[in-house]
Ligand code: ADP
């Protein structure tokens, strides 16, 4: 059974239809890369399935429960969010909190987990991303790659069923990009379910199990990563792959 299935997701901003009826299915353990030209609706799709934008319509199944996206209740949104993690393009760490506090805050405040337990969990996930030696650093004292690794630790701390990544390396230079992609590759190897909006073709090809290619608010082509890269069917896909070579 799919962990997450989206059907006919629609979203407009004013009169512009940005998502024109998206279908997406993600099984447990899948790493799905969402590719496509700038402006095709990739970020909006991620933001809609995590309710950072309000979808206009569509259905969502998540972890065995069915929801109507246009009329979903606040309590259902909270229940889904409890099982999801989100890593943004900009790291979105709190500038006035140190690394440890950035990771524990979501545990102690939203989930009421005792501080000592939260600290223990934070150390465990910071270790996973290679940042356990930086607990008392502030974000401004870290490189972009280190900040993004802390953001990944923060997402991991709540033991999510799935993590959404929105262009996690687009603000980083190549060396810092590779340290973040390495952490994501390790998570994938451990079976973490992930949806990744990315321009990193190497990552999409080598790490993801599935690729979804979007253009103009539609899914143009999708398939296993091997099929997608070795045998693209649609003209638009071939053109896109040629341009990103
Ligand atoms: P991508 O992630 O593929 O680059 P986006 O989802 O960011 O695409 O954007 C898709 C389209 O939706 C773009 O034309 C963008 O300008 C528009 N858009 C995104 N967010 C908003 C918003 N909050 N208000 C108005 N238009 C938006």
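In our numbering, the protein residues as written are 160 to 404. The beta-carbon is built from N, C-alpha and C at its ideal position, and this holds for glycine as well. Here the structure is a predicted model, which is why all the values come from computation and not from measurement.
Practice problem: Assign residue 178 to buried or exposed, taking buried as 16 or more other Cβ atoms, counted over all protein chains shown, within 10 Å of its Cβ. | Solution: So residue 178 counts as buried.
Quiz item: How should residue 385 be labelled, buried or exposed, when 16 other C-beta atoms within 10 angstroms of its C-beta is the threshold for buried?
Solution: Exposed, because fewer than 16 other Cβ atoms sit within 10 Å of the Cβ of residue 385.
Practice problem: Please list, in chain order, all residues of the same chain as residue 280 whose beta carbon is under 7 angstroms from its beta carbon, the five residues on each side excluded. | Solution: Spatial neighbours of residue 280 in its own chain (CB-CB distance under 7 angstroms, excluding positions within 5 residues in sequence) are listed in chain order as 266 and 316.
Self-check item: Start-end ranges of the alpha helix (DSSP H) lying completely within the stretch 270-346, minimum 4 residues
Solution: Fully enclosed alpha helix (DSSP H) runs of 4 or longer: 274-287 and 303-315.
Quiz item: For residue 175, which of 271, 186 and 199 has the nearest alpha-carbon?
Solution: The shortest C-alpha separation from residue 175 is found at 199.
Quiz item: Can you tell me whether DSSP reads residue 219 as helix, strand or coil?
Solution: In this structure, DSSP gives residue 219 an extended state, which the three-state scheme calls strand.
Self-check item: Beta-carbon spacing of residue 192, residue 371 below 9 angstroms
Solution: Judged by their CB atoms, residue 192 and residue 371 are nearer to each other than the 9 angstroms cut-off.
Quiz item: Looking at residue 380 and the ligand ADP, is the gap between the Cβ and the nearest heavy atom below 8 angstroms?
Solution: False, no ligand heavy atom lies under 8 angstroms from that Cβ.
Quiz item: Should residue 210 and residue 327 be called a contact, given that it needs their Cβ atoms to be closer than 9 angstroms?
Solution: Cβ distance not < 9 angstroms, so residue 210 and residue 327 don't count as in contact.
Quiz item: For the alpha helix (DSSP H) that residue 351 lies in, which residues bound it at each end?
Solution: Run containing residue 351: none; DSSP gives neither H nor E here.
Self-check item: Option in 324, 366, 223 and 404 with minimal Cα separation from residue 250
Solution: Comparing Cα-Cα distances from residue 250 to each of 324, 366, 223 and 404, the minimum goes to 324.
Exercise. Mind the definition here: the stretch 269-277 touches the stretch 304-312 only if three or more C-beta pairs lie below 8 angstroms; say whether that holds.
Key: As far as the Cβ criterion goes, the stretch 269-277 does not touch the stretch 304-312, which means the pair count is below three.
Quiz item: Does the ligand ADP have a heavy atom nearer than 8 angstroms to the CB of residue 247?
Solution: The nearest non-hydrogen atom of the ligand ADP is 8 angstroms or more from the C-beta of residue 247.
Practice problem: Report yes if the CB atom of residue 403 is closer than 9 angstroms to the CB atom of residue 373, and no otherwise. | Solution: Not in contact: residue 403 and residue 373 (Cβ atoms no closer than 9 angstroms).
Self-check item: Residue range of the alpha helix (DSSP H) that includes residue 236
Solution: 233-240 is the extent of the alpha helix (DSSP H) around residue 236.
Exercise. Kindly indicate which residue of 340, 378, 379 and 377 has the alpha-carbon position closest to the one of residue 364.
Key: Relative to residue 364, the option among 340, 378, 379 and 377 whose CA is nearest is 340.
Exercise. Just confirm the distance between the C-beta atoms of residue 378 and residue 393, as a whole number of angstroms; I'd bet it's less than 8 angstroms.
Key: About 10 angstroms; that fails the 8 angstroms criterion.
Quiz item: In chain order, what are the residues with a CB under 5 angstroms from some non-hydrogen atom of the ligand ADP?
Solution: That gives 172, 177, 197, 198, 199, 200, 201, 202 and 203.
Quiz item: Closer than 8 angstroms: is that where the CB of residue 303 sits relative to any heavy atom of the ligand FMN?
Solution: What this structure holds is the ligand ADP, not the ligand FMN.
Quiz item: Any idea if residue 197 is buried or exposed, counting beta-carbon neighbours within 10 angstroms, 16 or more meaning buried?
Solution: So residue 197 counts as exposed.
Quiz prompt | Residues that DSSP places opposite residue 226 in a beta bridge | solution = Per DSSP, the beta bridge partners of residue 226 are 219.
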